[in-house]
Structures are given as C-alpha cells and as structure tokens.
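Going by the numbering used here, the letters in the sequence shown line up with residues 697 to 1083, in that order.
Written out below as structure tokens is the structure these notes cover.
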Amino acid sequence: MVVGEEQGEMVSDVIGIGLVGQAFMGRAHANAYRQARAFFGGEYRPSLRIACGRDAAALGEFARRFGWEETTTDWRVLVEHPAVDVVDIAASNDLHAPVAIAAAQAGKAVFCEKPLARTIAEAREMLQAVESAGVPHMVCFNYRFFPAVRLARELVEDGVVGRIRQFRAIYLQDWLRDPTTPASWRTNAELAGMGALGDTSVHIVDMARYLVGEFEQVTGMLSTFVPERPLSNQSGRQQVAVDDAAAFLARLAGGVSGVFESTRMATGRKNFMHVELNGERGSLYWNAEDLNSLWVYTDDDPVRTRGFRRIVVTEAEHPWVAHWWPPGHILGYEHSFVHAVVELMEAIGEGRTPRPSFRDGLQAQVVLDAVQRAAQSASWVAVPPVA
Ligand code: SOE
C-alpha cells in the first residue's frame, strides 16, 4: 500500500491488485475493481498492477482493455511483485491452494474465487496459511452481495417470516447439456475437484449458511450423465469423473429442513438460482435471473390483499445502491462482484477480516465433502463445524 500521488491525483492509500485468471471470473473481478474505484471512491483505492494468465496473446488484450499495468504468465512473479498488496485468484480450482498459500507466505491479502479449494484438506491448508501469516482473506461468494439478498437476511433477522422451518434452493444451468460440448477444466476431476457440486451447489450452500444457519447433516445423490467429452483441441476424449448434477437434503440448525439441487444440464435453464425459505408467519424467495427483486409473503398482511409481494430493491437506503442509479434503474450480475471488492477494500482499510472469509469457504467445503460421502455411502453424514 502506498500513500501519495497517483496519476496526478492525491490518494490516501492505493491497494495494488494482482489478478490470476483472465477468463469469465477474471473479467468479472477486473471490472469490479474499476467500478469500485469509480463509483465508491473511498479512502482505499484498488490499482490494477499485474494480471496473470496462461495465454500470453489473450492476456495482452485483457490488459489493454481493463488497464493492467503489467502482465505475466507466471503466478509466482505476481505473488512476489512488490506493488501487489492483494492476490486475487480467479483461475481454475487446482491453482487456488498453491497461489493462496504462496501469497499468504509473501504477506499479501488473498481474495479467492469459490469453491475455496478442490478438497477439504486443501481448504484447511489455505485457512491455516492466511491465519498464521495474519493476512486478510476473503472467498468470493458474490451472490451475498446483491441488495435483494441482503434485504432477505435483514428481514429474517427482523423476524418478518417468524421461525424458519424450511429452506430450499436450486441452481440450474444448461451449458453442459450437449454431449459434444468439449471438456474443460470444469469437467476435469483433477483440476476442478468437483462438478456442479463445487461449481454451483457451493453458492446455494453459502446462501443457506448466510440466510438460515449451519448445516448439521446431509444425504444426497450425485449423477454424471455424460461420462466422457471431446477435448477442445480435437486430440481425443476426456473421461468425466465429476458430477453433472447434485441433489441433496440437509438438516440445518434449529430444526430447519433443507432441499438443494444443482445441475449444469437443466435444458433451458441459464442461471436459475432460486432460493426460498418458509417460516411460521411468512416466506421469502429470490431468483438470480430477476436479481433486483425480493418476493415476500407475510401473514401480517390483511387477508383480502395477502400474497407474495415483489419488492424491487433499488431504493438508496439499501446497501450499496446509493452509489449507483436512481430507484428502479436496476443492477446486474457484475454489481455483486463490485460490492464484494468494496467489502474487501473496506475491511483492509479498517484492519478487520472481510466476510465471507476463508473460514466460510472451508465450512462450505465441509458441507460439500459430506454430500460426496453421503452419496457414496447412501446414508446421512454429519457436518462438523470448522474448528
Ligand atoms: C459456471 O457454472 C458458473 O460460471 C459458476 O462457476 C459461477 O460461480 C456462477 O456465478 C455462474 O456459473
């Protein structure tokens, strides 16, 4: 972090960012830093120091478009770079642990895409590394950062729905439905660790923990519908050892019953994450394809007009919204990453651990691991709290 002048402007503290990954999530994160700086201002300002990717030509173009000062194809160079304060990991899952651990050992803050790791063992090592180095750490569960999701949590805390009895969440996509769609790191067990379970169930597991509470027990089923896929360079075929779909039940703290499903093969569904909870006096639901809306039902409404009400969560009093547009001028997918980055910057500035932290990432990983073991053993498996 440096205090001084940057591009002719006096800034109190600039936070140097090093980003590993230039694909979908790399672009989402790079955009987030730019937008956070422009729309949120604030005392701490992210500066795009160095980006790392495997494809040097694509990396040059990525750097030009987003304004990265430097590029490298070696993540070790990025981690050791003196102007990098935060190492942001938006690369394939196999790189999460080595990059995060090296970054922590180099004294850098670490911001990591979900799932935190491929396995519990890797996730534990990562948590240990950041905690023993005493560096800030955050996992990118970006869906927590929509104003409508934040409102859902506030309404639960205010008791609007009463005691929660049931939580259900489905996360449906279809980009892998065609068996001729080539293999990628996301379908490779070695690189990804898990399939839909780690890629998309992890988001709804985090939603349950964020809105309701901890998991106690799970049972479930994993399915692989397409057992091999062509390689993208046409050089052969790859065995698919990860799940295409995950379905599981959970018992959550306080006797809440949970139902979860996620798949990348639900023909016609694109990014259909539906999260719903039912309490003694009311219900809430939210869908990622209509992300500005929170639907609320409460028995407190008069019977004649009772029903699910759509709240368009764009008033300035909701978190983050005042920095954007007037009411009704809606937000999109990318704003969740901007808000996550704002949390990261603020937490660094305030000297506290950002939320969600690697601890949240590890706890979600413990749930996924329990689902895998439950599916293998066709039984209920306990979900222990992270020590
Ligand atoms: C792919 O299924 C994916 O890109 C996930 O990896 C992201 O986390 C999710 O936000 C969108 O879908």
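The beta carbon of each residue, even a glycine, is placed where N, CA and C say it ideally should be.
Under DSSP, the alpha helix (DSSP H) around residue i begins and ends at which residues?
| i | result |
| --- | --- |
| F1033 | Y1029 to E1046 |
| D902 | V898 to L907 |
| L887 | A885 to A888 |
Which of helix, strand or coil does DSSP assign to residue i?
| i | result |
| --- | --- |
| T768 | strand |
| T959 | strand |
| L987 | coil |
| F944 | strand |
| A732 | helix |
| T915 | strand |
| V716 | strand |
| P926 | strand |
| V852 | helix |
| I1026 | coil |
| A1083 | coil |
| V773 | helix |
| A752 | helix |
| A800 | helix |
| V1067 | helix |
| G894 | helix |
| D997 | coil |
| R873 | coil |
| Q1072 | helix |
| G763 | coil |
| A813 | coil |
| S1053 | coil |
| R965 | coil |
| V1017 | helix |
| A879 | coil |
| D1085 | Since the first residue shown for the chain is 697 and the last is 1083, residue 1085 is missing from the structure and cannot be characterised. |
| V857 | coil |
| M706 | Residue placement at M706 is poorly supported in this model, since its pLDDT is 46, which falls under 50; the coordinates are not used for a value here. |
| V938 | coil |
| G722 | helix |
| P843 | helix |
| F758 | helix |
Just list the residues that DSSP pairs residue i with in beta bridges.
| i | result |
| --- | --- |
| E972 | R864 and Y981 |
| R1005 | V992 |
| Q1059 | According to DSSP, which records beta bridges pairwise, Q1059 is partnered with nothing at all. |
| V806 | V783 and H833 |
| R933 | P926 |
| S953 | Q862 and R947 |
| I711 | P742 |
| V1077 | V914 |
Return the first residue and the last residue of the beta strand (DSSP E) that residue i is part of.
| i | result |
| --- | --- |
| H833 | H833 to C836 |
| E1011 | E1011 -> no beta strand (DSSP E), and no H or E assigned at all. |
| L744 | Y740 to C748 |
List the whole-angstrom C-beta distance separating residue i from residue j, where the pair is believed to meet the contact cut-off of C-beta under 8 Å.
| i | j | result |
| --- | --- | --- |
| Q869 | K966 | 6 Å |
| D940 | L872 | 6 Å |
| A946 | Y839 | About 18 Å separates the two Cβ atoms, so there is no contact after all. |
| L1032 | F842 | Looking at the sequence itself, residue 1032 is Ser, so the reference to Leu does not match. Right, the Cβ-Cβ distance comes to about 5 Å (below 8 Å), so this counts as a contact. |
| W857 | G978 | It should be noted that the sequence gives Val, not Trp, for residue 857. Right, the Cβ-Cβ distance comes to about 4 Å (below 8 Å), so this counts as a contact. |
| E976 | L948 | At roughly 16 Å, the Cβ-Cβ gap does not stay under 8 Å, so E976 and L948 are not in contact. |
| R900 | A844 | A small correction: the amino acid at residue 900 is Ile; Arg does not occupy that position in the sequence shown. Contact flag wrong, Cβ pair sits at about 16 Å. |
| E821 | A793 | 6 Å |
| G894 | L1064 | 6 Å |
| R1005 | W991 | 7 Å |
| A879 | V936 | 7 Å |
Please confirm whether residue i has its beta-carbon closer than 8 Å to some beta-carbon of chain B.
| i | result |
| --- | --- |
| L907 | You won't find chain B in this structure, because it holds only one protein chain. |
Consider the C-beta atom of residue i and the heavy atoms of the ligand PLP; say whether any pair is separated by less than 7 Å.
| i | result |
| --- | --- |
| Q869 | In terms of ligand content, the structure shown lacks the ligand PLP and carries the ligand SOE instead. |
The region 824 to 837 / the region 921 to 932 touching (three or more Cβ pairs under 8 Å): By the criterion of at least three beta-carbon pairs nearer than 8 Å, the region 824 to 837 is not in contact with the region 921 to 932.
Three-pair Cβ contact test at 8 Å for the region 886 to 894 versus the region 993 to 1009: By the Cβ rule, the region 886 to 894 does not count as touching the region 993 to 1009, because fewer than three pairs are nearer than 8 Å.
Touch test, the region 730 to 738 against the region 711 to 722, Cβ-Cβ under 8 Å, three pairs minimum: Too few Cβ pairs lie closer than 8 Å, so no.
Contact the region 904 to 923 vs the region 952 to 971: 3+ CB pairs below 8 Å: Remark: three or more beta-carbon pairs, one from each stretch, lie closer than 8 Å, so the region 904 to 923 and the region 952 to 971 are flagged as touching.
Given 8 Å, three or more beta-carbon pairs between the region 1062 to 1080 and the region 773 to 783: Output reads no: the region 773 to 783 does not touch the region 1062 to 1080.
Touching by the beta-carbon criterion (3+ pairs, under 8 Å), the region 801 to 816 and the region 1048 to 1068: Judged by Cβ distances under 8 Å, the region 801 to 816 makes contact with the region 1048 to 1068, as three or more pairs qualify.
The region 788 to 800 in contact with the region 821 to 828 per 3-pair CB rule at 8 Å: Contact between the region 788 to 800 and the region 821 to 828 is present, because at least three Cβ pairs lie under 8 Å.
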